[in-house]
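Q: From first to last, the protein sequence lines are chains A and B. Per this note's numbering, residue 1 is the first one in the first sequence, and the count goes up by one each step. Per this note's numbering, residue 150 is the first one in the second sequence, and the count goes up by one each step.
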Amino acid sequence: MALENNTDNHFEPKIIAFVCNWCTYLGADLAGTNRLEYPANIRIIRLPCTGRIDFNLIVKAFEVGADAVLVSGCHPGDCHYTAGNYHARRRWILFRELLNTLGIDTRRIHFSWISAAEGAKFQKFVTKIVEDTRALGPYTDYKQLMIDN
Amino acid sequence: MEKQLRETAKKLLQEGTVQVVIGYGRVETGGIGAIFVTNPDNADNLVWNQECSQNLVTYLTRKEIRKLGKAAIVVKACDARAVVVLKNESQLENNDVVVIGVACPGILNHRGSGDPVLQARCETCTERLPKNVDFVIGDESVNLPPLSVEQRSRKGNYAKLAKLMAMTQEERFRFWKDEFSRCIRCYACRQSCPLCYCNQCVVDKNRPVRIDTSATLKGNFAWNILRAFHLAGRCIGCGACSEACPAGIELDLLNLTLSQVSELEFHHFSGQEPGTAPLIGTYSEGDKEDFIQ
Numbered sequence: 001m002a003l004e005n006n007t008d009n010h011f012e013p014k015i016i017a018f019v020c021n022w023c024t025y026l027g028a029d030l031a032g033t034n035r036l037e038y039p040a041n042i043r044i045i046r047l048p049c050t051g052r053i054d055f056n057l058i059v060k061a062f063e064v065g066a067d068a069v070l071v072s073g074c075h076p077g078d079c080h081y082t083a084g085n086y087h088a089r090r091r092w093i094l095f096r097e098l099l100n101t102l103g104i105d106t107r108r109i110h111f112s113w114i115s116a117a118e119g120a121k122f123q124k125f126v127t128k129i130v131e132d133t134r135a136l137g138p139y140t141d142y143k144q145l146m147i148d149n
Numbered sequence: 150m151e152k153q154l155r156e157t158a159k160k161l162l163q164e165g166t167v168q169v170v171i172g173y174g175r176v177e178t179g180g181i182g183a184i185f186v187t188n189p190d191n192a193d194n195l196v197w198n199q200e201c202s203q204n205l206v207t208y209l210t211r212k213e214i215r216k217l218g219k220a221a222i223v224v225k226a227c228d229a230r231a232v233v234v235l236k237n238e239s240q241l242e243n244n245d246v247v248v249i250g251v252a253c254p255g256i257l258n259h260r261g262s263g264d265p266v267l268q269a270r271c272e273t274c275t276e277r278l279p280k281n282v283d284f285v286i287g288d289e290s291v292n293l294p295p296l297s298v299e300q301r302s303r304k305g306n307y308a309k310l311a312k313l314m315a316m317t318q319e320e321r322f323r324f325w326k327d328e329f330s331r332c333i334r335c336y337a338c339r340q341s342c343p344l345c346y347c348n349q350c351v352v353d354k355n356r357p358v359r360i361d362t363s364a365t366l367k368g369n370f371a372w373n374i375l376r377a378f379h380l381a382g383r384c385i386g387c388g389a390c391s392e393a394c395p396a397g398i399e400l401d402l403l404n405l406t407l408s409q410v411s412e413l414e415f416h417h418f419s420g421q422e423p424g425t426a427p428l429i430g431t432y433s434e435g436d437k438e439d440f441i442q
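#1: Ignoring anything shorter than 3 residues, give me the beta strand (DSSP E) runs that lie fully in the region 206-232 of chain B, in order along the chain.
#2: Would you kindly work out how many angstroms separate the C-alpha atoms of B/T273 and A/A117, rounded to a whole number?
#3: With A/I42 and A/A17 assumed to form a contact (beta carbons below 8 Å), what rounded beta-carbon distance in angstroms separates them?
#4: Given that a residue counts as buried once 16 or more other Cβ atoms are within 10 Å of its Cβ, and exposed if not, what is A/F62?
#5: Judging by CA-CA distance, which residue of B/C201, B/A192, B/C227 is the nearest neighbour of B/G179?
#6: Helix, strand or coil: which one does DSSP assign to A/H87?
#7: Taking Cβ positions, are B/A221 and B/L209 nearer each other than 8 Å?
#8: With three or more C-beta pairs closer than 8 Å as the rule, is the region 69-81 of chain A touching the region 18-26 of chain A?
#9: For the alpha helix (DSSP H) that contains B/I307, what are its first and last residues?
#10: Is it buried or exposed, B/D228, if we count other Cβ atoms within 10 angstroms and call 16 or more buried?
#11: Please state whether DSSP places B/L293 in a helix, a strand or coil.
#12: Closer than 8 Å, CB to CB, is B/E434 near chain A or not?
#13: Could you confirm whether any beta carbon from chain A is found closer than 8 Å to the beta carbon of B/I429?
#14: Taking only the alpha-carbon atoms, compute the straight-line gap between A/R91 and A/I53 and give it to the nearest angstrom.
#15: Run through chain B and tell me which residues come within less than 8 Å of A/P152, C-beta to C-beta.
#16: State the CB to CB distance for the pair B/A192 and B/K159, rounded to an integer number of angstroms; the pair is presumed to be in contact (CB under 8 Å).
#17: Considering only residues of the same chain and omitting the five flanking positions on each side of A/M1, which have a CB-CB separation below 8 Å?
#18: Which residues share a DSSP beta bridge with B/T431?
#19: Could you run through the region 309-327 of chain B and flag, in chain order, every residue whose CB is less than 9 Å away from some CB of chain A?
#20: Let me check understanding here. Comparing Cα to Cα, which of B/V291, B/V247, B/I374 lies closest to B/G352?
#21: May I have the straight-line CA-CA distance separating B/V206 from B/Q349, to the nearest angstrom?
#22: Go ahead and pull the three-state DSSP assignment for B/R175.
#23: Does B/T425 get closer than 8 Å to chain A when you measure Cβ to Cβ?
#24: Can you pull the chain A neighbours of B/V248, defined as C-beta to C-beta under 9 Å?
#25: Listing by chain order, which chain A residues have their CB less than 8 Å from the CB of B/V234?
#26: Please compile the residues from chain A whose C-beta is within a distance smaller than 7 Å of the C-beta of B/T406.
#27: Got a sec, what are the start and stop residues for the beta strand (DSSP E) B/V186 sits in?
#28: Mapping DSSP to helix, strand and coil, what is A/V64?
#29: Along the chain, where does the alpha helix (DSSP H) containing A/C79 start, and where does it finish?
#30: For a test of the three-state rule: what should DSSP assign to B/N258, helix, strand or coil?
#31: Between which residues of its own chain and A/V126 is the CB-CB distance below 6 Å, once the five residues before and five after are set aside?
#32: In chain order, what residues of the region 24-45 of chain A put their CB closer than 7 Å to some CB of chain B?
#33: Can the beta-carbon of B/E377 be found less than 8 Å from the beta-carbon of A/L98?
#34: Which value, in whole angstroms, describes the spacing of the CA atoms of A/L30 and B/I360?
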């Protein structure tokens, strides 16, 4: 599933969102049922829990051409599985540092806690990261890796 | 010291406490490598000097070696930490192995031209007498006064990492792109690592293929990210991966950056304390979240 950017000069960011089933996915659903509009640049992938989100998925997202990645789950204390988001948080603290050392643009990886009641936050946050990514431009560094060989 | 090491090994074998002693010795290629002594008469083949670079702990979890029976193993201070991690991660029972620690004055790098110099990882190592071992050979005289974080950042691998982090993000990416372009995916880094013990590595699983197995930049990035991150909070800094890398990629810098975060954010020092829980696998409600919106 290669995510090709539009061929004309107009750049539309592709953003992959890994969200948890219990909070952020329902938050996105709420945004939808409330008719809150947000940019269509985001592709949502629903997973059981942020604790389930393997760091390989983030790498994979960049491999297939994502310009940014969003990881979002329940607020601390709200996890459906009690502690999945705490485990995830610790993992991302370490993982972000590794990516930073590798020179991978950490401005393109977003983390958030969005609950099932926060449809408006989802809308605002997605709009913001789409605009931020648009300002950064396409993530050519990583895409170039797929071409250079 | 070497004499004491040989006597200890001989005694363990003669008494039948262990069936094999994993130690350093002269190997066919002329250098120093791993030898597996099963006969007490051969204990004199054991060698200990500043060329004994390899981390032998990687053999403890291998099936072929386990078949030989209960093992005694010769370890340096860094290698001893790997044994502690294996025990903490339930890969070894306390009485599975007899650990013979040798006081280490630092390992010399024989790879470059000219006089051998201390390896980069040994420059910042101050606690050189192994801890948490069954026998200690040598004494505290090898230990050096501890370095402050500031002093440490100017030496060895820490200095290299500091230099890397002083670059811009694009420069770092180019640096690693250049490094990883040399990777031939021989997985020597994985095989030499005492803590990479999965029966089947995720890179060898092909349904689904998570990581491109061909030696392309795409696969090389994914593999090296995976290898480094699977050691997050676990790496004991023995440098075996970099040492084993035929392409000379400085893999230990990636591990070092993770060790530094573990230290600064969580005060976690892998392999220092028996009985500690793995860093990833536990959590604290107070972990920082300034990067989460």
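Ideal Cβ positions, reconstructed from N, Cα and C, are used throughout, including at glycine. The structure presented is a predicted model; accordingly, all values stated were derived computationally and were not measured.
A: Reading from the atomic positions:
#1: If one requires a minimum length of 3 residues, the beta strand (DSSP E) runs lying completely within the region 206-232 of chain B are 220-224, in chain order.
#2: 51 Å
#3: 5 Å
#4: Of the residues assessed, A/F62 falls on the buried side of the cut-off, its CB having 16 or more other CB atoms within 10 angstroms.
#5: B/C201
#6: helix
#7: Here B/A221 is not near B/L209, since their CB atoms are 8 Å or more apart.
#8: yes
#9: Residue identity differs from the one stated: residue 307 of chain B is Tyr in this sequence, not Ile. Residues 305-315.
#10: buried
#11: coil
#12: yes
#13: yes
#14: 10 Å
#15: This structure leaves residue 152 of chain A out entirely; chain A is present only between 1 and 149.
#16: 4 Å
#17: Confidence at A/M1 is low in this model, with a pLDDT of 44, below 50, so the placement of that residue should be treated as unreliable; the coordinate-derived value is given next. Contacts found: V64.
#18: B/I429
#19: L310, L313, M314, M316, T317, Q318, E319, E320, R321, F322, R323, F324, W325, K326
#20: Rather than Gly, the amino acid found at residue 352 of chain B in this sequence is Val. Of the listed residues, the one whose Cα sits closest to B/V352 is B/I374.
#21: 19 Å
#22: strand
#23: Not one chain A Cβ lies under 8 Å of B/T425.
#24: Going along chain A, no residue has its Cβ under 9 Å from B/V248, so there is no contact; the nearest lies around 29 Å.
#25: Those within 8 Å of B/V234 in chain A number zero; the least Cβ separation is about 16 Å.
#26: In chain order: E97, L98, T101.
#27: Boundaries of the beta strand (DSSP E) harbouring B/V186: 181-186, taken from the DSSP string.
#28: coil
#29: No alpha helix (DSSP H) contains A/C79, which DSSP labels as neither H nor E.
#30: In this structure, B/N258 counts as strand in the three-state DSSP scheme.
#31: Y38, I42
#32: Those would be none; no residue qualifies.
#33: According to the sequence as given, residue 377 of chain B is Ala; it is not Glu. B/A377 places its beta carbon less than 8 Å from that of A/L98.
#34: 35 Å
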